[in-house]
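S.K.:
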Amino acid sequence: MSDGSDDADGGESDVEQMSAHEAAAVDGADGADARDFWAAAVADEIEARNPDEPIVIKGGVSPSGVAHLGNFNEIMRGYFVAAVLRERGYEVRQVFTSDDRDPLRKLPRKLADVDGDIVGLGDVDAGALGRNLGTPYTDIPDPFGESESYAAHFAALLKADADRLDVPVEMLSNTELYEDGTFEDVVAHVLEHADEAREVLSAYQSKVDEDYVPFNPICGECGKITETVTEVDLDARTVEYVCTDMTVGDETIEGCGHEGTATLREGKLPWRFEWPAQWQVLGVDFEPFGKDHAEGSWPSGEDIARNVLEIEPPVPMVYEWFTLNGEALSSSQGNIVTVVEMLDLLEPEVLRYFFALNPRKARDLDISRLDQLVDDFDRFERAYFGDVDDESVTAFAERAYPFVVDEIREDRVRLPYTFAAVLGMTDDRDLRIEMARNEGYIDDDTPEWAIEEALERVDRARAWAVREDNAYNYRIQDALPEVDFDENVEAALDELADFVAAGNDGEAIQGEMYETARRNDIEVGDFFEAGYLLFFDQPQGPRLGEFLGELDTEFVVARLRRDG
RNA sequence: GGGCCGGUAGCUCAGUUCGGCAGAGCGUCUGGCUUUUAACCAGACGGUCGCGCGUUCAAAUCGCGUCCGGCCCGCCA
1 MSDGSDDADG GESDVEQMSA HEAAAVDGAD GADARDFWAA AVADEIEARN
51 PDEPIVIKGG VSPSGVAHLG NFNEIMRGYF VAAVLRERGY EVRQVFTSDD
101 RDPLRKLPRK LADVDGDIVG LGDVDAGALG RNLGTPYTDI PDPFGESESY
151 AAHFAALLKA DADRLDVPVE MLSNTELYED GTFEDVVAHV LEHADEAREV
201 LSAYQSKVDE DYVPFNPICG ECGKITETVT EVDLDARTVE YVCTDMTVGD
251 ETIEGCGHEG TATLREGKLP WRFEWPAQWQ VLGVDFEPFG KDHAEGSWPS
301 GEDIARNVLE IEPPVPMVYE WFTLNGEALS SSQGNIVTVV EMLDLLEPEV
351 LRYFFALNPR KARDLDISRL DQLVDDFDRF ERAYFGDVDD ESVTAFAERA
401 YPFVVDEIRE DRVRLPYTFA AVLGMTDDRD LRIEMARNEG YIDDDTPEWA
451 IEEALERVDR ARAWAVREDN AYNYRIQDAL PEVDFDENVE AALDELADFV
501 AAGNDGEAIQ GEMYETARRN DIEVGDFFEA GYLLFFDQPQ GPRLGEFLGE
551 LDTEFVVARL RRDG
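Residue numbers for the first sequence follow the UniProt record's numbering, beginning at 1 and rising by one.
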């Protein structure tokens, strides 16, 4: 526990630990800390319970076809609370349970392959999945034939995403917790107190009757989860069962009729008991969950924890679901987005920022307006460094920013996202830098690492512009676009071509464009538009003169003369 | 039918815990930078805080009612 092996900065002294705790106490006393960042308020609540260390923060989902961004609430919301507690000097263990002893109940329409790319059911062995309806995810082969099981495949995806966002989380398999006996005593306890269990649960679920047994064995014959327990032998720690049909929605998963005996490790608790059982065996102090649990599983779980398991439930936190492009996340409708996809478009810290925002608000992730999210992040970052005159943003940034970035470095350069997208018009690195320099984002004092990081945004913003095919999807046209100009515009273009051919630099070209337009009696705007059409096949573009100054002179001259 | 959460400027959101002048960024418009693009600078426009009633000297904030959206109250997670 205190061997320091996972302690990043090693020799932290007890004195410093003390002061961290004291500082936290001061923060808690005036309340400023908690008001400004939800994770700090949650941390206060956990702290108030004087938890044993390590403090355990849990999340978890049942494996499904795709690990989408919504699932990531289970990891990111806990991460921020863990980070605040660590800052206060506590040892924190963040775990994520893959609830993988759950049976596959229906076929997913979409799956994510090992790289996180989404594929349809038709691209995998769907028959093998269909035959395994009702079987625990850990006993179903990986449809991609790579991992040990369907469950392992799914867990690996989530773990890979957590790594991409640099969140240290320990993945736990529910099945393993059953098989290695971690759950066994709780299962025995629940079966021993089956009357109380039934009584408590029946307040939440009307279907619970006298025959209800809170344990579902796995059929020794067909391997499916069964629901019919006929006898419980507490001394032998076994149950007798019949493998009967299971109803899922309006579908029926057929049982094989086998009658057998199962140990308490060969089955699972129903979810309503399994969740509190996890709290007990893992010693969970905090758990965020989606609003779907808020009025169902949570109240019953809390009750079961106190009155059946006789433990104190963790500090809860409900998070709102977010929508994608205004629509509910839905894998069957195909309205999903993954961490991998998002990281093609955003830097990891921007995505982390998204999850640092108030969990109580339903939030829409509008891909077409990602520039707005990135602008918000940039402002949030500047606020941390005291450059924003807005108390509430600054207070939030002061608390949350250190947990959003991997490293606090004040002299970072952030190109505005739309400008970064515009720079994506060229793949020429030097040209990108030159244009950023022209606009004042980079100067001679900018360190090389900052330039490097700034340019990382260009590829992402470019990917966004292409994906959305929006106004920032500029690309230098290799071939002459179809154009049709007035005579005086053509004359002006020829004059400008001569000016460029004479070897003038970008700044001069920019100035000359105005002169040329005036000389030929055309609106400056029309002349610029002509230039944009020639080079981008679009009526808008970057600051043109300086841009042309960066390109190959022969190419520019030929294009201005409409020669290719 | 019962319950929970949300609804604040065109957009994205602070502010609601604990009542004290309705806020920010973006967008838009106007002007500026010898310069109509990305950006930058100055300014302006923009509000029935979903709606109604109540409490109060004072309500986005508290209470009651109501509308809209999501979720839960079967199974499952």
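Backbone N, C-alpha and C define an ideal beta-carbon position, used for all residues, glycine too.
All of these numbers come straight from a predicted model, not from anything done at the bench.
1) Mapping DSSP to helix, strand and coil, what is lysine 159?
2) Got a sec? Which residues, its chain only, sit under 7 angstroms from arginine 379 by beta carbon, not counting five neighbours each side?
3) Identify whether leucine 423 lies in helix, strand or coil by the three-state DSSP scheme.
4) Let me check understanding here. Comparing Cα to Cα, which of Pro143, Phe536, Thr230 lies closest to glutamine 477?
5) If we ignore side chains and look at the alpha-carbon of each, how far apart do glutamate 398 and glutamate 266 end up?
6) If you follow the alpha helix (DSSP H) that aspartate 459 is in, where does it begin and where does it stop?
7) From which residue to which residue does the beta strand (DSSP E) around alanine 262 run?
8) Within 10 angstroms of the Cβ of residue 586, are there 16 or more other Cβ atoms? Answer buried if so, exposed if not.
9) Judging by CA-CA distance, which residue of Ser206, Ala48, Cys219, Tyr353 is the nearest neighbour of aspartate 139?
10) To the nearest angstrom, report how far apart glutamate 231 and glutamate 240 are at their CA atoms.
11) Under 8 angstroms by Cβ, that's how I've got threonine 135 and glycine 223 pegged, so tell me the actual separation to the nearest angstrom.
12) Along the chain, which unbroken stretches of the beta strand (DSSP E) at least 3 residues long are found entirely within the stretch 144–196?
13) Under 9 angstroms, do glycine 290 and glycine 70 count as touching if we go by C-beta distance?
14) Where phenylalanine 528 and methionine 513 are concerned, what is the direct C-alpha to C-alpha distance, given to the nearest angstrom?
15) Let me know the secondary structure DSSP gives glycine 564 once reduced to three states.
16) Put proline 361 into one of helix, strand or coil per three-state DSSP.
17) Starting from the C-beta of serine 13, find all residues in its chain whose C-beta is less than 6 angstroms away, skip the five residues before and the five after it, and write them out in chain order.
18) Looking only at its chain, what residues have a beta carbon closer than 8 angstroms to the beta carbon of serine 331, apart from the 5 residues adjacent to it on each side?
19) So glycine 301 packs on proline 313, CB below 8 angstroms; how close in whole Å?
20) Taking 9 angstroms as the cut-off, decide whether the C-beta atoms of isoleucine 509 and glutamate 546 are in contact.
21) Quickly, what does DSSP pair lysine 207 with across the bridge? List them, please.
22) Taking glycine 511 as the reference, give the member of Glu45, Leu544, Ile75 with the closest Cα.
23) Write down every uninterrupted run of the alpha helix (DSSP H) in the stretch 314–363 whose length is 4 residues or greater and which is fully enclosed by it, in chain order.
24) Compare the beta carbon distance of tyrosine 319 and arginine 77 with 9 angstroms and say whether it is the shorter of the two.
25) Given the structure, does proline 314 come close to the ligand MN, in the sense that its CB is under 8 angstroms from one of the ligand's heavy atoms?
26) Since proline 288 is in the beta strand (DSSP E), which residue starts that stretch and which ends it?
27) Which residues in the same chain as threonine 261 place their Cβ atom closer than 6 angstroms to its Cβ, once the five residues preceding and following it in sequence are excluded?
28) In its own chain, which residues sit with a C-beta less than 8 angstroms from the C-beta of alanine 294, not counting the 5 before and 5 after it?
29) So what does DSSP say about threonine 247, is it helix, strand or coil?
30) Can you give the Cα-Cα distance for leucine 191 and aspartate 366, rounded to whole angstroms?
31) Are the beta-carbon atoms of serine 149 and aspartate 100 separated by less than 9 angstroms?
32) Beta carbon of alanine 400, beta carbon of alanine 362: below 9 angstroms?
33) Is it buried or exposed for aspartate 30, if we count other Cβ within 10 angstroms and need 16 for buried?
34) Are the beta-carbon atoms of aspartate 411 and proline 359 separated by less than 9 angstroms?
35) For valine 200 and valine 308, which I take to be in contact (beta-carbon distance under 8 angstroms), what is that distance rounded to the nearest angstrom?
36) For leucine 548, count neighbouring C-beta atoms within 10 Å of its own C-beta (all shown protein chains included) and say buried if the count is 16 or more, exposed if not.
M.R.: Reading off the structure:
1) Under the three-state reduction of DSSP output, lysine 159 falls in the helix class.
2) So the qualifying residues of the chain are Val388, Val393.
3) In this structure, DSSP gives leucine 423 a helical state, which the three-state scheme calls helix.
4) Minimum Cα distance to glutamine 477 is reached at Phe536.
5) Roughly 50 angstroms separates the two Cα atoms.
6) For aspartate 459, the enclosing alpha helix (DSSP H) starts and ends at 448–468.
7) Counting along the chain, alanine 262 sits inside the beta strand (DSSP E) bounded by residues 259–263.
8) Since the displayed the chain opens at 1 and closes at 564, residue 586 lies outside it and no answer follows.
9) Of the candidates Ser206, Ala48, Cys219, Tyr353, the residue whose Cα lies closest to the Cα of aspartate 139 is Cys219.
10) Rounded to whole angstroms, glutamate 231 and glutamate 240 show a C-alpha spacing of 5 angstroms.
11) A Cβ-Cβ distance of about 5 angstroms is found for the pair threonine 135 and glycine 223, placing them in contact under the 8 angstroms criterion.
12) As far as the stretch 144–196 is concerned, its whole beta strand (DSSP E) runs of at least 3 residues are 170–173.
13) A contact, by the Cβ cut-off of 9 angstroms.
14) Within the model, the alpha-carbon separation for phenylalanine 528 versus methionine 513 is close to 8 angstroms.
15) Shown here, glycine 564 sits in coil according to DSSP, grouped into three states, outside any helix or strand.
16) The residue asked about is misnamed: residue 361 is lysine in this sequence, not proline. Coil, per DSSP.
17) Unreliable placement is indicated for serine 13, whose pLDDT of 33 sits below 50; no coordinate value is reported for it.
18) Excluding sequence neighbours, serine 331 sits near Ser64, Gly65, Val66, His68, Pro108, Arg109, Lys110.
19) So it is a contact: roughly 7 angstroms between Cβ atoms.
20) Yes.
21) Under DSSP, lysine 207 shares a beta bridge with no residue.
22) Nearest to glycine 511 by C-alpha distance, out of Glu45, Leu544, Ile75, is Leu544.
23) Listed in chain order, they are 339–345, 348–356.
24) Cβ atoms of tyrosine 319 and arginine 77: closer than 9 angstroms.
25) The ligand MN is not part of the structure shown, which contains no ligands of any sort.
26) That run of the beta strand (DSSP E) goes 284–290.
27) Close CB contacts of threonine 261 within its chain, under the 6 angstroms cut and outside five residues either way in sequence, are with Thr238, Glu240 (chain order).
28) Within the same chain, alanine 294 has close Cβ partners Val318.
29) In the three-state reduction of the DSSP assignment, threonine 247 falls in the strand class.
30) Those two C-alpha atoms are separated by around 48 angstroms.
31) Taking 9 angstroms as the Cβ cut-off, serine 149 and aspartate 100 qualify as a contacting pair.
32) No, the pair does not count as a contact, with Cβ atoms beyond the cut-off.
33) For aspartate 30, the predicted structure reports a pLDDT of 40, less than 50, and the residue's modelled location is therefore unreliable. A value from the coordinates is still provided. By the neighbour-count criterion, in which a residue is buried when 16 or more other Cβ atoms sit within 10 angstroms of its Cβ, aspartate 30 is exposed.
34) Going by C-beta atoms, aspartate 411 is not nearer than 9 angstroms to proline 359.
35) Rounded, the Cβ-Cβ distance is 6 angstroms, consistent with contact.
36) By the 10 Å Cβ count, leucine 548 comes out buried.
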